[in-house]
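S.K.: Per this note's numbering, the very first residue in the sequence shown carries number 58; after that it's consecutive. Using N, Cα and C, we set each Cβ at its ideal position, and we do this for glycine too. The structure displayed is predicted, hence computed values, not measured ones.
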Amino acid sequence: MVGLHRSPYHGFSVEFSEHRPYMQGDSLKSVDWKAYAKTEKYYIKQYEEETNLVSHIILDVSRSMDFAYGNNIKKLEYGSILAASLMYLMIRQQDAAGLALYSDKVETFMAPKSSRIYLTELLKALASVKPSSKTRTANCLNYLAEKVKRRGLVIIISDFFDDVNSILTALKHFRYKKNEVVVFQVLDPMEMSFAFGRDAAFKDMETQEEMITQPFQIQKAYQKAMSEYIERIKEECLNSGIEYNLLDTSVPFDKALFSYFRKRAMLH
58 MVGLHRSPYH GFSVEFSEHR PYMQGDSLKS VDWKAYAKTE KYYIKQYEEE
108 TNLVSHIILD VSRSMDFAYG NNIKKLEYGS ILAASLMYLM IRQQDAAGLA
158 LYSDKVETFM APKSSRIYLT ELLKALASVK PSSKTRTANC LNYLAEKVKR
208 RGLVIIISDF FDDVNSILTA LKHFRYKKNE VVVFQVLDPM EMSFAFGRDA
258 AFKDMETQEE MITQPFQIQK AYQKAMSEYI ERIKEECLNS GIEYNLLDTS
308 VPFDKALFSY FRKRAMLH
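1) Per DSSP, which residues does P78 bridge with? Please list them.
2) What span of residues does the beta strand (DSSP E) with T177 cover, start to end?
3) Have a look at R208, H230 and V240 and flag the residue whose alpha-carbon is nearest the alpha-carbon of D216.
4) Under the DSSP definition of a beta bridge, which residues are partnered with T165?
5) Between the beta-carbon of L116 and the beta-carbon of S137, is there less than 9 Å?
6) Check whether the Cβ atoms of I114 and I212 lie closer than 9 Å to each other.
7) Rounded to whole angstroms, what's the CA-CA distance from F166 to V238? Just pull it up for me.
8) Taking all protein chains shown into account, decide if P78 is buried (16 or more other Cβ within 10 angstroms of its Cβ) or exposed.
9) With respect to the beta strand (DSSP E) encompassing E237, which residues constitute its N-terminal and C-terminal limits?
10) Using a beta-carbon distance below 9 Å, is A154 in contact with chain C?
11) Should C294 and Y301 be called a contact, given that it needs their Cβ atoms to be closer than 9 Å?
12) Tell me whether the beta-carbon of L180 lies closer than 9 Å to the beta-carbon of A153.
13) If the criterion is Cβ atoms closer than 9 Å, does the pair V243 and K102 meet it?
14) What is the rounded straight-line gap between the Cα of R173 and the Cα of R149?
15) Around the C-beta of M323, are 16 or more other C-beta atoms found within 10 angstroms, so that it is buried, or is it exposed?
16) Quick check on DSSP: helix, strand or coil for E106?
17) State the Cα-Cα distance for the pair Q280 and M247, rounded to the nearest angstrom.
18) In this structure, how does DSSP classify M262 when only helix, strand and coil are distinguished?
19) Under 8 Å by Cβ, that's how I've got P188 and D123 pegged, so tell me the actual separation to the nearest angstrom.
20) Is it the case that the Cβ atoms of P169 and G209 are separated by a distance below 9 Å?
21) Quick one: complete alpha helix (DSSP H) runs, 4+ long, within the stretch 105 to 154?
22) From the DSSP output, in three-state form, read off T270 for me.
23) Would V221 and R120 qualify as a contact pair, given that the criterion is a beta-carbon distance under 9 Å?
24) For M262, which residues in the same chain have their Cβ closer than 7 Å to its Cβ, ignoring the five residues on either side in sequence?
25) How long is the line joining the alpha carbons of S307 and Y135, rounded to whole angstroms?
26) Taking just the CA atoms, how far does N129 sit from L304?
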């Protein structure tokens with residue numbers, strides 16, 4: 058994957074991952090002779106330590122991620138497609154990919170592996186994702202920062218609708234542990250523009266509280282507050298050596314992903 062090999066991490070795990078065909082130049086010591094006896098073909102045993110990069114994909118699956126306005130794709134679906142694409146590309150190039158799903162707690166944690174068979178398990182976990190509970194982003198990220206033992210690439214996908222100071226502290230926790238950190242803030246364009254018209258009824262997706270108001274009266278103040286919120290996260294990330302990306306769900310996914318890879322290739 059373009060740009061994701063800025064910092065190869067060669068670890069010390071010797072867990073067997075999968076076989077691959079023998080290629081000219083491979084050491085005969087690595088040949089699986091038992092496999093040869095069965096198939097009369099040469100195969101190399103590949104281990105996790107041979108991967109260039111260890112990656113953790115962390116996806117927010119709280120109820121706020123279930124939002125979509127009009128014909129836009131839901132934030133959770135957009136984030137899930139992003140996660141699936143990244144894991145596919147990583148494992149395809151023999152990197153190790155893992156997955157964590159969280160809401161108010163860490164619901165799923167799958168340690169990184171580079172096996173293509175394991176990719177099927179990762180994609181099944183993503184396919185079964187349903188939005189659940191409230192958000193406790195900071196608590197979950199701090200927990201995961203301690204759980205991730207082998208340093209590598211940590212990619213976090215969320216709308217980051219939580220206390221900003223706590224979130225930023227949690228993001229820096231991963232950096233303290235010497236990980237490379239990439240943040241994707243996924244938002245519906247309506248969450249940024251607040252262009253709902255004159256009268257609208259709002260329902261909190263996590264608390265279920267309802268309120269009827271006239272959005273146009275507070276639209277400018279809302280836009281200012283949201284812009285400052287996004288800029289705060291972006292600025293703090295950049296100052297901490299964390300790569301920040303804002304994703305608008307109205308932008309076709311393939312264009313957003315291509316734009317990201319192009320940007321990353323230029324940076325690295």
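M.R.: A quick look at the data gives this:
1) Position 21 of the sequence shown, counted from the first residue, corresponds to residue 78. DSSP lists Y100 as partners of P78.
2) Along the sequence shown, read from residue 1 onward, the residue named residue 177 stands at position 120. Note, T177: premise wrong, no beta strand (DSSP E); alpha helix (DSSP H) at R173 to A184.
3) Looking up residue 216 in the sequence shown gives position 159. The shortest Cα separation from D216 among R208, H230 and V240 belongs to V240.
4) Here residue 165 corresponds to residue number 108 of the sequence shown, with the count starting at 1. Answer is L158.
5) Numbered from its first residue, the sequence shown carries residue 116 at position 59. Numbered from its first residue, the sequence shown carries residue 137 at position 80. In contact: L116 and S137 (Cβ atoms closer than 9 Å).
6) Here residue 114 refers to the residue found at position 57 of the sequence shown. Here residue 212 refers to the residue found at position 155 of the sequence shown. In this structure, I212 lies closer than 9 Å to I114 by Cβ.
7) The residue given as residue 166 occupies position 109 in the sequence shown. The residue given as residue 238 occupies position 181 in the sequence shown. Spanning the two alpha carbons is a distance of roughly 18 Å.
8) Taking the sequence shown and counting its residues from 1, the one referred to as residue 78 is at position 21. Counting the other Cβ atoms within 10 Å of the Cβ of P78 gives fewer than 16, which makes it exposed.
9) On the sequence shown, residue 237 is found 180 positions in, with the first residue counted as 1. Its beta strand (DSSP E) spans residues E237 to L244.
10) Absent from the structure: chain C. Only one protein chain is present.
11) Along the sequence shown, one-based indexing puts residue 294 at 237. Along the sequence shown, one-based indexing puts residue 301 at 244. Against a cut-off of 9 Å, the Cβ pair of Y301 and C294 comes out as a contact.
12) Here the question's residue 180 lines up with position 123 in the sequence shown. Here the question's residue 153 lines up with position 96 in the sequence shown. Not a contact, by the Cβ cut-off of 9 Å.
13) Indexing the sequence shown from 1 puts residue 243 at position 186. Indexing the sequence shown from 1 puts residue 102 at position 45. Using a Cβ distance threshold of 9 Å, V243 and K102 do not count as a contacting pair.
14) Along the sequence shown, one-based indexing puts residue 173 at 116. Along the sequence shown, one-based indexing puts residue 149 at 92. So the alpha carbons of these two residues sit roughly 7 Å apart.
15) Along the sequence shown, one-based indexing puts residue 323 at 266. That one is exposed.
16) Within the sequence shown, residue 106 is the residue found at index 49, counting from 1. Because E106 carries a pLDDT of 48, less than 50, the predicted location of this residue cannot be relied on, and the following value inherits that uncertainty. Of the three classes helix, strand and coil, the one that applies to E106 here is helix, per DSSP.
17) Within the sequence shown, the letter at position 223 stands for residue 280. Within the sequence shown, the letter at position 190 stands for residue 247. Rounded to whole angstroms, Q280 to M247 spans 10 Å at the Cα level.
18) As a working mapping, residue 262 is identified with position 205 in the sequence shown. Three-state DSSP puts M262 in coil, outside helix and strand.
19) Against the sequence shown, residue 188 aligns to sequence position 131. Against the sequence shown, residue 123 aligns to sequence position 66. With a Cβ gap of about 4 Å, P188 and D123 count as contacting.
20) Counting from one through the sequence shown, the residue named residue 169 turns up at place 112. Counting from one through the sequence shown, the residue named residue 209 turns up at place 152. Yes, these two residues count as a Cβ contact at 9 Å.
21) DSSP runs (the alpha helix (DSSP H)) wholly in the stretch 105 to 154: 132 to 149.
22) Numbered from 1 along the sequence shown, position 213 holds the residue referred to as residue 270. Note: T270 maps to strand in three-state DSSP.
23) Taking the first residue of the sequence shown as position 1, residue 221 is located at position 164. Taking the first residue of the sequence shown as position 1, residue 120 is located at position 63. One thing to note: V221 has its Cβ no nearer than 9 Å to the Cβ of R120.
24) Against the sequence shown, residue 262 aligns to sequence position 205. Once the five neighbours on either side are set aside, the close Cβ partners of M262 are R120, S121, D123 and F124.
25) Looking up residue 307 in the sequence shown gives position 250. Looking up residue 135 in the sequence shown gives position 78. S307 and Y135: Cα-Cα distance of roughly 10 Å.
26) Here the question's residue 304 lines up with position 247 in the sequence shown. Here the question's residue 129 lines up with position 72 in the sequence shown. Rounded to the nearest angstrom, the two C-alpha atoms are 13 Å apart.
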